[in-house]
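Take 1 as the starting number for the sequence shown in the UniProt record's numbering and just add one per residue. Backbone N, C-alpha and C define an ideal beta-carbon position, used for all residues, glycine too. These numbers were taken from a predicted model, which means no experiment stands behind them. A quick write-up on the structure given underneath.
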Amino acid sequence: MVGQIGKGISAVVLAGLTGPVKWLFGAIFGALYAPLVITGLHHMTNAIDTQLIADAGGTGLWPMIALSNIAQGSAVLAFYVMNRHDEREAQISLPAAISAYLGVTEPALFGVNLKYVYPFVAGMIGSGIAGLFCTSFNITANAIGIGGLPGILSIQAKYMGLFAIDMVIAIVIPFVLTFIFRRVGFLTKAEDEVKSEENSQVQAVVEAKKDAEVPAGTVISIQSPLAGRAKNLSEAPDPVFAQGVMGQGVVIEPTEGELVAPVDGVVSVLFPTKHAIGLVSDEGLELLMHIGMDTVNLDGDGFTAHVKQGDRVSVGDALISFDMAAIQAAGYPVATPVIVTNQNDFQTDVTRELPCDVARGEAIFTASKL
């Protein structure tokens, strides 16, 4: 029964690929494949591809899938070129483009294209045009499994030249459209809002630092942001923290999953995965609190932020709640470094005999203005 259903679906798709309006089928499938990836429904195409290979000796779907990968990769590559001087955006968009060109589009889709909308639409249009070309010339793959630019290795030899031309279409059109959409302001509202918010956040931090004209020798008390056991930073599980590369301070083994503000100031950075947060105090002291080790890999699972970048906070204000049990069950330690990152401006001094138990809001170390 299942086999008959599969053959039926295969027959319908094959009719679309070879019928009188195959160009329209290709355009629609090419444009809509990326949205299928978002929903997870793209996995069903593997079974259709396999059935087509068995019934017709090749599949016309897989070439369009590879072209969709390329198109979304080109859109995010254009976004990278436009934002290459923004370190945070560059760190996300360039690896995402490379990944998409190799056949894995999720980082590009969820990290950039969907977030800002217009690169996603540019990729869909480019993919649709590439799909139209693909079906118009009956480009067929012998097998599935290799997507993106390496997808040409799956193409039947007699169609490789045509597929190479189609790859150029999938590269150039989304790349150019992304630039055009940005220039004319088409579907850029999401990016404009993000940029506006970021500018406000930066301005808030700048204002905080402007007020930080404190004389040398001024001592700032840092309160513990966690309840738990404080230890020397050298005992941090990660050598980057243990060796003081990121800054000086302490590491705390929390007994409760609540992180609060250790100083009065402004939230200067909140990582998208909510596992780490930075503050700038009213005196210009820069603090970083990193919940656990390698917890960025959890992609935000188990973390709830109560603030956003640019927010003003006071000592004791809730910053982040985190599920200690879930983090530890995933195999990650919850040891949390609390460090001063602008070491050229401040000298830290631990005021407690370590290790020791601390409560939230209890003074744990000081920083002196140099």
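Here's the rule: buried if 16 or more other CB atoms are within 10 angstroms of the residue's CB, otherwise exposed. What is residue i?
{"i": "residue 356", "result": "exposed"}
{"i": "residue 289", "result": "buried"}
{"i": "residue 210", "result": "For residue 210, the predicted model reports a pLDDT of 45, less than 50, meaning its position is unreliable; a value from the coordinates is still stated below. So residue 210 ends up on the exposed side."}
{"i": "residue 206", "result": "The pLDDT assigned to residue 206 is 49, lower than 50, so where the model puts this residue is not dependable, and the model offers no usable value."}
{"i": "residue 34", "result": "buried"}
{"i": "residue 263", "result": "buried"}
{"i": "residue 139", "result": "buried"}
{"i": "residue 308", "result": "exposed"}
{"i": "residue 144", "result": "buried"}
{"i": "residue 160", "result": "exposed"}
{"i": "residue 254", "result": "buried"}
{"i": "residue 180", "result": "exposed"}
{"i": "residue 314", "result": "exposed"}
{"i": "residue 93", "result": "buried"}
{"i": "residue 2", "result": "In this prediction, residue 2 has a pLDDT of 40, which is less than 50 and means its spatial position is unreliable; nothing more can be read from the coordinates."}
{"i": "residue 370", "result": "exposed"}
{"i": "residue 89", "result": "buried"}
{"i": "residue 18", "result": "exposed"}
{"i": "residue 304", "result": "exposed"}
{"i": "residue 107", "result": "buried"}
Determine which residues share a DSSP beta bridge with residue i and list them.
{"i": "residue 369", "result": "346"}
{"i": "residue 303", "result": "322"}
{"i": "residue 266", "result": "280, 312"}
{"i": "residue 253", "result": "229"}
{"i": "residue 37", "result": "According to DSSP, which records beta bridges pairwise, residue 37 is partnered with nothing at all."}
{"i": "residue 286", "result": "280"}
{"i": "residue 59", "result": "141"}
{"i": "residue 78", "result": "BP columns for residue 78 are empty, so no partner."}
{"i": "residue 372", "result": "With the chain represented from 1 up to 370, any question about residue 372 goes unanswered, as that position is not in the structure."}
{"i": "residue 155", "result": "141"}
{"i": "residue 248", "result": "340"}
Between which two residues does the beta strand (DSSP E) harbouring residue i extend?
{"i": "residue 163", "result": "No beta strand (DSSP E) holds residue 163; the alpha helix (DSSP H) holding it covers 160-184."}
{"i": "residue 336", "result": "336-340"}
{"i": "residue 231", "result": "228-232"}
{"i": "residue 146", "result": "Per DSSP, residue 146 belongs to no beta strand (DSSP E) and is neither H nor E."}
{"i": "residue 259", "result": "258-260"}
{"i": "residue 358", "result": "356-358"}
Given residue i, which residues of its chain have a CB within under 8 Å of its CB, disregarding the five upstream and five downstream residues?
{"i": "residue 165", "result": "133"}
{"i": "residue 104", "result": "69, 147, 148"}
{"i": "residue 272", "result": "300"}
{"i": "residue 152", "result": "66, 160, 163, 164, 167"}
{"i": "residue 459", "result": "Summary: the structure shown does not reach residue 459, with the chain confined to residues 1 through 370, and so no result is reported for it."}
Between residue i and the rest of its own chain, which residues show a CB-CB distance below 6 Å, the 5 nearest in sequence each way excluded?
{"i": "residue 291", "result": "275, 322, 336"}
{"i": "residue 359", "result": "227"}
{"i": "residue 374", "result": "Since the first residue shown for the chain is 1 and the last is 370, residue 374 is missing from the structure and cannot be characterised."}
{"i": "residue 341", "result": "247, 286, 288"}
{"i": "residue 131", "result": "26, 27, 29, 30, 64"}
{"i": "residue 59", "result": "49, 52, 53, 141"}
Leaving out the 5 sequence neighbours to the left and right, which residues in its chain are closer than 7 Å to residue i when beta-carbon positions are compared?
{"i": "residue 365", "result": "222, 249, 250, 348, 349, 350, 351"}
{"i": "residue 343", "result": "247, 248"}
{"i": "residue 155", "result": "63, 139, 141, 163"}
{"i": "residue 333", "result": "237, 292, 293"}
{"i": "residue 257", "result": "321, 322, 323, 324"}
{"i": "residue 295", "result": "275, 327, 332"}
{"i": "residue 265", "result": "208, 279, 280, 281, 282, 313"}
{"i": "residue 6", "result": "Low confidence applies to residue 6: its pLDDT is 46, below 50, so where it sits in the model is not reliable, and the reading given next is rough at best. If we look at residue 6 and ignore the five residues flanking it on each side, its Cβ neighbours are 47, 51."}
Alpha helix (DSSP H) containing residue i: first to last residue?
{"i": "residue 44", "result": "44-56"}
{"i": "residue 224", "result": "Neither: residue 224 is in no alpha helix (DSSP H) and is coded neither H nor E."}
{"i": "residue 136", "result": "118-136"}
{"i": "residue 330", "result": "It is not in any alpha helix (DSSP H) - residue 330 carries neither H nor E in the DSSP assignment."}
{"i": "residue 112", "result": "Careful: residue 112 lies outside any alpha helix (DSSP H) and carries neither H nor E."}
{"i": "residue 241", "result": "239-242"}
Checking contacts by CB at 7 Å: is residue i closer than that to chain B?
{"i": "residue 22", "result": "Considering every chain present, this structure includes no chain B. It has just one protein chain."}
* Should the region 334-344 be called in touch with the region 243-260, which here means at least 3 C-beta pairs below 8 Å? -> Touching, yes.
* Asked: If you pair each beta-carbon of the region 27-42 with each one of the region 110-128, do three or more pairs fall below 8 Å?
  -> The region 27-42 vs the region 110-128: in contact.
* To do: Say whether the region 77-84 touches the region 46-57, bearing in mind that this needs 3 or more beta-carbon pairs closer than 8 Å, one atom from each stretch.
  => The region 77-84 is not in contact with the region 46-57.
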